[in-house]
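Numbering (our numbering), first residue to last: 7 to 70.
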Amino acid sequence: MTVARAIARGDTSLFRGNTEIAFGALCVFGTLLFGIVLLITSEMGRLTPTTPTGLLASAASYGQ
7 MTVARAIARG
17 DTSLFRGNTE
27 IAFGALCVFG
37 TLLFGIVLLI
47 TSEMGRLTPT
57 TPTGLLASAA
67 SYGQ
């Protein structure tokens with residue numbers, strides 16, 4: 007049975023295992039991204055709060 011035919015029938019058994027894999031990969035990617043952001047902010051000498059405005063302000067002041 008092809009994937010398209012399974013989707014058309016509404017059969018989700020093909021995707022049951024894959025969602026857990028995708029969620030795990032998302033968690034790993036998010037943790038890596040957070041670590042990179044933390045490393046960049048600590049390298050800049052001041053640990054800013056990881057809000058978008060805080061990151062933007064620190065990035066803007068870094069270039070000066």
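Each residue gets a CB set at the ideal place from its N, CA and C atoms; glycine is no exception.
Non-local C-beta neighbours of F35 in its own chain, meaning closer than 7 Å and more than five positions away in sequence, are absent. A28 and I42 have their C-alpha atoms some 21 Å from each other.
In summary, T47 is buried, with 16 or more beta-carbon neighbours lying within 10 Å of its beta-carbon over all protein chains present.
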